[in-house]
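Report on the following structure.
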Amino acid sequence: MSTVRTNLRRGKMKRSTMFPNIYKTAIGIITLLLATFTMSAYAATAVSWTSPADGSSYPVGTSVSPTGTASGIGLTGTGLDLALVLDSSGSMGSYVSVGGTSQSRAQWQKDAAIALVNNLPDSMTSVAIVEFDYDANLVTGLTPLLTGKTSIINAINSVNASGGTYIGKGINVATTELTGANHTAGRSQQMVVFSDGYTYGDPATDATAALAAGVDAVHSVALPGANISTMQAIATAGSGTFIDASSATGIQNLINLFSGYGGNLVGIDRVDISMPDGSVIGSVALDAFGNFVAPAWLMALGTNEFIATAYGSDGTSAIARLTLNGTATSVPEPGVLGLLGLGLVSLIGTRRRRV
């Protein structure tokens with residue numbers, strides 16, 4: 201299985217039974233978030249074929265459509281310490297419709313956060329969960345994903361919806377955790393602030409203070425129905441990425457702009473596929489997870505080679521080759537068919553004489 205990865209920014213979420221809008225929203229948010237963590241720690245472009253297996257054989261004339269994936273994997277840093285700062289104020293209990301799907305802001309937030317956790321690289325990431333209403337609380341400190349993913353997800357699910365909103369206090373608690381004794385030396389320290397943006401105080405000031413304290417970036421996610429300007433200001437002040445998840449249009453734009461999944465992503469400009477006859481299909485479609493499908497191809501006799509070339513926005517590229525073998529079909533020659541027919545006639549005649 202071959203894989204392409206690159207530098208991106210942003211997030212994704214788990215599939216919901218309220219398909220497809222919740223699923224698309226999740227993909228948009230989490231794809232962007234994953235891509236954000238982090239360009240300095242992850243860089244490289246890789247591409248791979250996922251099916252069929254290299255060297256597989258098919259009869260001549262069989263139609264095949266090989267599949268591949270383009271997603272970020274080049275691990276060149278020492279990992280990530282990440283704090284998810286979740287809004288637990290009363291307004292999170294309000295229901296908001298996006299693209300015909302209605303659910304509470306709290307549910308949008310939980311779905312996105314859990315999917316992000318599920319798609320981070322386990323061996324190189326620790327996650328802390330902070331919740332805030334008018335006050336803030338460290339729900340769980342930095343915990344290695346490799347051994348503590350279940351407890352992290354349980355912490356996310358425990359976040360309720362009551363009280364006022366003071367985003368800055370949540371940022372401050374996350375800053376203390378990221379720069380404290382639980383931080384792993386050499387890792388990138390980042391946080392993602394989820395909220396509807398209606399808050400006391402000026403959270404952008406707290407984001408600036410987080411940078412001064414040693415946090416590398418403060419990103420923000422504006423949940424559906426959010427105060428966009430407040431959330432955007434947090435990311436700007438925190439040298440982070442702003443993710444507008446407040447409308448169906450915004451979500452779809454994220455899906456269109458970004459692709460790839462799993463850990464820290466690198467931006468993928470395009471993937472081209474060279475077919476066995478030498479023709480090149482440029483910029484094949486990528487889904488939000490970076491998967492692609494080659495056009496249908498009728499197997500020719502002998503070697504059929506497909507070449508996928510991925511181009512990353514960091515200027516790097518990668519190539520993956522897939523070789524399939526076309527085999528001749530076994531068709532009896534006319535003379536053989538004739539002899540077989542005579543044999544059957546003779547057999548039938550013999551059986552009739554015995555009756």
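Going by the working numbering, the letters in the sequence shown line up with residues 201 to 555, in that order. All residues carry an ideal CB built from backbone N, CA and C; glycine is no exception. Keep in mind that this is a model prediction, so the values were computed, not measured.
Counting only runs that start and end within the segment 470-533, where is the alpha helix (DSSP H) found for 4 or more residues in a row?
You should have found no qualifying run.
Let me know if P476 comes out buried or exposed under the rule of 16 or more other beta-carbons within 10 Å of its beta-carbon.
With 16 or more Cβ atoms within 10 Å of its Cβ, P476 is classed as buried.
Hey, I352 and V392: beta-carbon distance below 8 Å or not?
Their beta carbons are not under 8 Å apart, which means I352 does not touch V392 by this criterion.
Could you pull the start and end residues of the alpha helix (DSSP H) that M431 belongs to?
Looking at the DSSP string, the run of the alpha helix (DSSP H) that includes M431 is 428-437.
In this structure, does DSSP put A163 in helix, strand or coil?
Nothing can be reported for residue 163, as the shown portion of the chain is limited to 201 through 555.
Express the C-alpha separation of A246 and Y254 in angstroms, rounding to a whole number.
It is worth fixing the name first, because residue 254 is Asp in this sequence and not Tyr. Roughly 17 Å separates the two Cα atoms.
Are L338 and S326 close, meaning C-beta to C-beta below 8 Å?
No. Outside cutoff.
For the beta strand (DSSP E) containing G268, list its first residue and its last residue.
Where G268 is concerned, the enclosing beta strand (DSSP E) stretches over 267-270.
First and last residue of the beta strand (DSSP E) that includes A409?
A409 -> not in any beta strand (DSSP E); alpha helix (DSSP H) instead, spanning 403-413.
Under the three-state reduction of DSSP, which class applies to V260: helix, strand or coil?
Correct three-state label for V260: coil.
Could you tell me which residues DSSP puts in a beta bridge with P344?
The partner list for P344 (beta bridge, DSSP) reads S326.
From D322, D335, G440, pick the residue whose C-alpha is nearest to that of V373; which is it?
It is D335 whose Cα lies nearest to the Cα of V373.
Taking just the CA atoms, how far does N382 sit from G261?
If you take the alpha carbons of G261 and N382, they lie about 60 Å apart.
Is it true that the CB of H419 sits closer than 8 Å to the CB of T384?
It is not a contact, given that the beta carbons lie outside the stated cut-off.
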